[in-house]
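Q: First residue of the first sequence: 258, per the working numbering; consecutive thereafter. No residue lacks a Cβ here, since even glycine has one placed at the ideal position from N, Cα and C. A quick note: this is a predicted structure, and the numbers were derived from the prediction, not measured.
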Amino acid sequence: MAKEHSFFNDVYEVVKLIPEGRATSYGLIANYLGTGMSARMVGWAMNAAHGLPEVPAHRVVNRNGLLTGKAHFATPTLMQELLEQEGIEIVKDKIQNFKEIVWDPMKELEI
DNA sequence: AGAGTGACCACAC
DNA sequence: TGTGTGGCCACTC
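Have a look at this one:
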């Protein structure tokens with residue numbers, strides 16, 4: 258454990274910065290962190306983020322805006338519920354206006 | 001130390 | 001929601 262400067266920590270920091278009503282994708286985070294970071298690693302980090310309530314993993318979806326990780330939440334519907342609560346429209350586990358609500362750290366944080 | 005796996009992404013068919 | 005394959009890096013056995 259000893260978090261130190263693991264990759265996960267960086268991912269968590271970015272995810273925590275995601276504003277309400279917005280969402281981002283694994284690839285965007287990976288692209289933002291760059292450095293050998295791959296989208297799979299972001300997913301892996303999220304897997305470790307399971308016990309971190311401070312990390313809104315429900316705001317992280319795949320590039321299509323599809324809630325691929327919903328199965329990993331407490332309940333399969335929890336992810337959608339949380340997102341809808343923030344005003345995000347979801348149909349069939351997919352964010353409708355994803356490209357409009359997407360929060361790209363590379364643009365928002367401007368490296 | 002080699003192989004398998006993963007909450008992905010991009011490309012080809 | 002099309003399906004299949006390769007690639008990416010870290011972790012586990």
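Going by C-alpha to C-alpha distance, which of Ile352, Pro313, Ala306 sits closest to Asn319?
A: Residue Ile352 is the option with its Cα nearest to Asn319.
Q: Skipping 5 residues on each side, what residues in its chain have a beta carbon closer than 6 Å to that of Glu261?
A: Note that Glu261 scores a pLDDT of 46, beneath 50, so its modelled location is shaky and nothing firm can be said.
Q: Among Lys364, Pro362, Phe264, Gln342, whose alpha-carbon lies nearest the alpha-carbon of Ala306?
A: Phe264
Q: Do you know whose CA, among Leu339, Phe355, Met363, Pro362, lies nearest Pro310's CA?
A: When the alpha-carbon of Pro310 is set against those of Leu339, Phe355, Met363, Pro362, the nearest one is in Leu339.
Q: Grouping DSSP H, G and I as helix and E and B as strand, with all else coil, what is Val268?
A: helix
Q: DSSP on Ala328, reduced to helix/strand/coil?
A: helix
Q: List the whole-angstrom C-beta distance separating Arg316 from Thr292, where the pair is believed to meet the contact cut-off of C-beta under 8 Å.
A: Contact flag wrong, Cβ pair sits at about 23 Å.
Q: Mind checking who Phe280 pairs with in its DSSP beta bridge?
A: Looking at the sequence shown, residue 280 is not Phe but Ala. According to DSSP, Ala280 bridges with Val359.
Q: Candidates Val348, Asn288, Tyr283: which alpha carbon is nearest Glu367's?
A: Of Val348, Asn288, Tyr283, the residue nearest in Cα terms is Asn288.
Q: Is it the case that the Cβ atoms of Val348 and Val312 are separated by a distance below 8 Å?
A: no
Q: May I have the straight-line CA-CA distance separating Pro362 from Arg279, to the nearest angstrom?
A: 11 Å
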